Ligand code: IPE
Ligand code: IPE
Ligand code: MG
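In the numbering used here, the protein residues as written are 7 to 231.
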């Protein structure tokens with residue numbers, strides 16, 4: 007039976023969830039943040055799950071209206087401020103990925119602070135992908151190692167990435183079937199699950215069902231059964 011040690015989720019559909027309720031898109035982001043908390047807590051209680059990587063803001067999301075981007079930044083700040091206690095209580099280590107140099111100084115400090123304060127936690131690792139894009143991640147990694155005397159190996163590149171761990175299971179909510187520049191290197195052999203459920207409606211029950219289906223898949227990694 008497969009174990010979903012590293013689960014990654016493309017949390018999509020917040021805007022549509024709000025629009026369906028004739029609310030502003032940002033209300034969907036607010037509702038989505040609560041689901042992040044619930045799903046993270048659920049994963050922290052499952053001993054088989056070591057990592058949960060959540061796509062929160064892509065390198066392309068800057069294209070959105072300024073007010074929506076500003077709201078997302080404030081929401082992230084609020085989420086991390088209120089979450090530190092919860093991370094510690096549940097023994098969760100916070101390891102952000104992505105290029106946070108583009109964020110404000112105070113947001114960068116908050117991110118750094120939560121990362122440092124949870125560094126000793128040895129339960130679930132929750133990675134939020136913040137200003138993350140796989141192309142950007144790979145380019146930054148290549149630039150880090152390009153002056154090496156030797157030819158670049160798969161291990162060298164893999165270790166220079168923000169996320170150094172292959173993904174077992176990628177889930178995308180919101181109905182679209184694409185990766186939108188998420189973990190392209192690490193997803194080489196990931197199992198992909200797409201659900202129409204909009205992220206604010208996603209539940210631990212649905213996650214449990216997906217994990218159950220995942221455990222039954224025959225993963226061959228290019229070999230034979
Ligand atoms: C995902 O939900 C959250 C972010 C990208 C920050 P969306 O905001 O993309 O919601 P839809 O896809 O427009 O419904
Ligand atoms: C992917 O959702 C990014 C996040 C969930 C943070 P998008 O809504 O940005 O993706 P596209 O534009 O539909 O591909
Ligand atoms: Mg979307």
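Ideal Cβ placement from N, Cα and C applies to all residues, glycine included. As the structure is a prediction and not an experimental result, all values here were calculated from the model.
Residue i Cβ short of 6 Å to ligand 2 heavy atom set
i: residue 18; result: yes
i: residue 186; result: yes
i: residue 88; result: no
i: residue 61; result: yes
i: residue 64; result: yes
Status (buried if at least 16 other CB within 10 Å, exposed otherwise) for residue i
i: residue 211; result: exposed
i: residue 19; result: buried
i: residue 71; result: exposed
i: residue 221; result: exposed
i: residue 192; result: buried
i: residue 12; result: buried
i: residue 168; result: buried
i: residue 64; result: buried
i: residue 107; result: exposed
i: residue 88; result: exposed
i: residue 35; result: buried
i: residue 24; result: buried
i: residue 209; result: exposed
i: residue 140; result: buried
Through-space distance from residue j to residue i, alpha-carbon basis
i: residue 50; j: residue 90; result: 14 Å
i: residue 138; j: residue 224; result: 30 Å
i: residue 43; j: residue 83; result: 14 Å
i: residue 151; j: residue 170; result: 15 Å
i: residue 53; j: residue 126; result: 18 Å
i: residue 158; j: residue 143; result: 16 Å
i: residue 74; j: residue 22; result: 14 Å
i: residue 29; j: residue 185; result: 27 Å
i: residue 154; j: residue 145; result: 15 Å
i: residue 231; j: residue 135; result: 34 Å
i: residue 187; j: residue 94; result: 31 Å
Cβ-based neighbour list, residue i, same chain, cut-off 8 Å, excluding 5 preceding and 5 following
i: residue 199; result: 175, 176, 177, 178, 216, 219 and 220
i: residue 31; result: 20, 21, 24, 25 and 74
i: residue 194; result: 172
i: residue 79; result: 109, 110 and 113
Residues of its chain near residue i, where Cβ-Cβ distance is below 7 Å and the 5 sequence neighbours each way are ignored
i: residue 96; result: 47, 50 and 129
i: residue 38; result: 17, 20, 205 and 206
i: residue 116; result: 83, 86 and 87
Any non-hydrogen atom of ligand 1 closer than 6 Å to residue i Cβ
i: residue 21; result: yes
i: residue 139; result: no
i: residue 164; result: no
i: residue 180; result: yes
Sequence-distant residues of its chain with Cβ nearer than 6 Å to residue i (five each side left out)
i: residue 133; result: 59, 101 and 103
i: residue 14; result: 59, 173, 176 and 189
i: residue 56; result: 11
i: residue 166; result: 147, 150 and 151
i: residue 99; result: 124, 127 and 131
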